[in-house]
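*Asks:* Residue numbers (my numbering): 2 to 291. Even for Gly, the Cβ is constructed at its ideal location relative to N, Cα and C. As the structure is a prediction and not an experimental result, all values here were calculated from the model. Sharing a structure here in structure tokens format.
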Amino acid sequence: MVSLILRYLNYIIGAAFAFVLLLALFGTVSTMVSSPAKETAEEVFHLHPEPLALQSDGPFGTFDDRQLQRGFQVFKEVCSACHSLKQVAFRDLKEIGYSEGQVKAIARDWQIEQPSVNKDTGEAATRPNVPADHFPLPFANDVAARAANNNAIPPDLSLMAKAREGGPAYIHSLLTGYRDPATYSHDGKVLAEEFPDFTVPTGLHFNPYFANLNLAMPPPLTQDGQVQYQDGTRPTIDQMSKDVSAFLVWTAEPKLAKRHATGAAVVVFLLIFIGLTYGAYRNVWRGVKH
């Protein structure tokens with residue numbers, strides 16, 4: 002008798018618990034329907050990257066060494082002041098058309114030297130870069146990086162083209178996407194009218210291609226001719242952004258062209274192999290019903 006009472010008591014408790022859950026669910030759904038959450042400025046004005054066509058696109062894509070060298074020049078003269086490239090060694094630059102002598106000169110003349118130790122005193126020191134070294138960090142530590150960048154740590158760019166949705170298109174759009182929030186509009190909507198209370202925090206910069214519209218990095222490319230290309234290409238902001246985006250595709254996938262070539266060769270081999278196999282099959286079973 003006692004066990005029967007306990008069983009029914011468990012049923013009643015379970016039913017009560019299920020009822021409370023259903024009541025809470027109903028309240029949540031009814032609130033969402035009757036009083037939907039207001040759209041935020043980020044939801045309305047955040048933009049997806051604009052399409053960017055590069056020679057490395059597609060299954061047969063290759064790299065344009067001249068464009069990669071221009072992109073490296075942009076990185077060297079603009080981006081390297083804040084961003085690292087720690088997954089890339091100086092000697093890797095030979096893969097984009099630089100000679101061994103040029104690589105040695107680039108490493109030797111790099112503005113930041115490699116951390117080292119003084120053999121005589123045991124104290125921290127620096128030494129000139131050599132081709133085998135990876136690109137040195139622009140800041141000694143995260144504290145120094147935050148102090149110089151409004152409490153934000155500039156990300157390493159080695160894998161940036163793969164780490165962000167949109168890859169090079171995102172990088173290009175971000176570099177060219179800085180706008181004045183006071184006059185910015187999209188799809189007929191004006192930011193200042195739709196969200197009159199929207200403000201850009203001190204030390205941040207408005208960019209609709211960034212997820213929350215505001216980022217710590219100021220516009221790195223501010224005028225045409227900021228970098229003077231040695232090959233005669235006109236250095237517009239758009240061109241410099243494309244070139245550094247292409248360069249960062251290479252840093253993220255330096256073996257991309259070889260991988261594409263290997264893949265094409267494998268596909269050709271498989272097609273030939275399938276043809277030979279089918280021919281052998283037809284020859285072996287010729288005239289035999291099966």
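(1) Give me the Cβ distance between residue 215 and residue 202, rounded to the nearest whole Å; I'm assuming they're in contact under 8 Å.
(2) If we ignore side chains and look at the alpha-carbon of each, how far apart do residue 5 and residue 29 end up?
(3) Touch check for the region 19-29 and the region 217-226: three-plus C-beta pairs under 8 Å?
(4) Taking residue 261 as the reference, which of 61, 189, 12, 9 has the closest Cα?
(5) Output needed for residue 176: all residues of its chain with C-beta closer than 7 Å, excluding positions within five of it in sequence on either side, in chain order.
(6) Please give me, in chain order, every unbroken run of the alpha helix (DSSP H) with length at least 4 that falls completely inside the region 202-285.
(7) Quick check on residue 133: buried or exposed, where buried means 16 or more other Cβ atoms within 10 Å of its Cβ?
(8) According to the neighbour-count rule (16 or more other Cβ atoms, all chains shown, within 10 Å of its Cβ), is residue 244 buried or exposed?
(9) Alpha carbon to alpha carbon, what distance is there between residue 187 and residue 86?
(10) Go through its chain and collect everything with a Cβ distance to residue 169's Cβ below 7 Å, but skip five positions before and after it.
(11) Drop a sphere of 10 angstroms on the beta-carbon of residue 274, count the other beta-carbons inside from all chains shown, and report buried for 16 or more, exposed for fewer.
(12) So is residue 231 buried or exposed if we call it buried at 16+ other beta carbons inside 10 Å?
(13) Report yes if the CB atom of residue 42 is closer than 8 Å to the CB atom of residue 196, and no otherwise.
(14) Cβ of residue 287 within 7 Å of any heavy atom in the ligand GTP?
(15) Would you tell me roughly how many angstroms separate the C-alpha atoms of residue 70 and residue 167, rounded to the nearest one?
(16) When DSSP labels each residue in this structure, what does residue 54 get in the three-state scheme?
(17) Using a Cβ cut-off of 8 Å (strictly closer), state whether residue 163 contacts chain D.
(18) Relative to the C-alpha of residue 108, which residue among 90, 122, 118 is closest?
(19) Rounded to the nearest angstrom, how far is the Cβ of residue 92 from that of residue 79, given a contact under 8 Å?
(20) Taking Cβ to Cβ, would you say residue 210 is nearer than 8 Å to residue 189?
(21) Starting from residue 42, trace the alpha helix (DSSP H) both ways and give me its first and last residue.
(22) Just reading off the alpha helix (DSSP H) that residue 177 is part of, what are its end residues?
(23) Grab the span of the alpha helix (DSSP H) containing residue 75 for me, first residue to last.
(24) Under a three-way DSSP split, which group does residue 81 fall into?
(25) Quick check on the DSSP output: what are the complete alpha helix (DSSP H) runs of length 4 or more inside the region 89-177, in order along the chain?
(26) Using 8 Å for Cβ pairs, my map puts residue 73 next to residue 48. What's the rounded Cβ distance?
*Replies:* So, to answer that:
(1) Residue numbering aside, residue 215 sits at position 214 when the sequence shown is read from its first letter. Residue numbering aside, residue 202 sits at position 201 when the sequence shown is read from its first letter. That pair is a contact at about 6 Å.
(2) For this step, residue 5 is matched to residue 4 along the sequence shown. For this step, residue 29 is matched to residue 28 along the sequence shown. Whole-angstrom Cα-Cα distance: 36 Å.
(3) Contact annotation: the region 19-29 does not touch the region 217-226, with fewer than three C-beta pairs closer than 8 Å.
(4) Stepping through the sequence shown from its first residue, residue 261 is reached at position 260. Closest by alpha carbon: 61.
(5) By 1-based counting over the sequence shown, the position of residue 176 is 175. Only 221, 222, 242 meet the Cβ criterion.
(6) Qualifying alpha helix (DSSP H) stretches, in chain order: 238-253, 257-285.
(7) On the sequence shown, position 132 is the one that residue 133 refers to. Using a 10 angstroms sphere on the CB of residue 133, the tally of other CB atoms stays under 16, which defines it as exposed.
(8) As a first step, residue 244 is located in the sequence shown; it is residue number 243 there, counting from the start. Counting C-beta atoms within 10 angstroms of its own C-beta, residue 244 has 16 or more neighbours from the protein chains shown and is therefore classed as buried.
(9) To locate residue 86, count along the sequence shown from 1; it is residue 85. To locate residue 187, count along the sequence shown from 1; it is residue 186. Each residue's alpha carbon lies about 35 Å from the other.
(10) As a working mapping, residue 169 is identified with position 168 in the sequence shown. Same-chain partners within the cutoff: 53, 55, 162, 246, 247, 249, 250.
(11) As a working note, residue 274 is residue 273 in the sequence shown. Burial call: exposed.
(12) What you label residue 231 is simply residue 230 of the sequence shown in a count that begins at 1. Its Cβ having fewer than 16 others within 10 Å, residue 231 is exposed.
(13) Your numbering for residue 42 matches position 41 in the sequence shown. Your numbering for residue 196 matches position 195 in the sequence shown. Cβ distance < 8 Å, so residue 42 and residue 196 count as in contact.
(14) Among the components of this structure there are no ligands whatsoever, and the ligand GTP is therefore not found.
(15) Along the sequence shown, one-based indexing puts residue 70 at 69. Along the sequence shown, one-based indexing puts residue 167 at 166. Residue 167 has its alpha-carbon roughly 22 Å from the corresponding atom of residue 70.
(16) Here the question's residue 54 lines up with position 53 in the sequence shown. Under the three-state reduction of DSSP, residue 54 is assigned to coil, being neither helix nor strand.
(17) Included in the structure is just one protein chain, with no chain D present.
(18) On the sequence shown, position 107 is the one that residue 108 refers to. Sorting 90, 122, 118 by C-alpha distance to the C-alpha of residue 108 places 90 at the top.
(19) Residue 92 sits at position 91 when you count from the first residue of the sequence shown. Residue 79 sits at position 78 when you count from the first residue of the sequence shown. The beta-carbon distance between residue 92 and residue 79, rounded to whole angstroms, is 23 Å. This is too long to meet the 8 Å contact definition.
(20) Looking up residue 210 in the sequence shown gives position 209. Looking up residue 189 in the sequence shown gives position 188. No. Outside cutoff.
(21) The residue labelled residue 42 in the question sits at position 41 within the sequence shown. 42-46 is the extent of the alpha helix (DSSP H) around residue 42.
(22) The sequence position of residue 177 within the sequence shown is 176, counting from 1. Note, residue 177: alpha helix (DSSP H), 169-177.
(23) The residue labelled residue 75 in the question sits at position 74 within the sequence shown. Judged by DSSP secondary structure, residue 75 falls within the alpha helix (DSSP H) whose first and last residues are 66-78.
(24) On the sequence shown, position 80 is the one that residue 81 refers to. Residue 81 falls in the helix class under three-state DSSP.
(25) Counting whole runs of 4 or more residues, the region 89-177 contains the alpha helix (DSSP H) stretches 101-110, 143-149, 161-164, 169-177.
(26) Sequence index remark: in the sequence shown, residue 73 carries index 72 (1-based). Sequence index remark: in the sequence shown, residue 48 carries index 47 (1-based). That belief does not hold up - the Cβ atoms of residue 73 and residue 48 are roughly 28 Å apart, past 8 Å.
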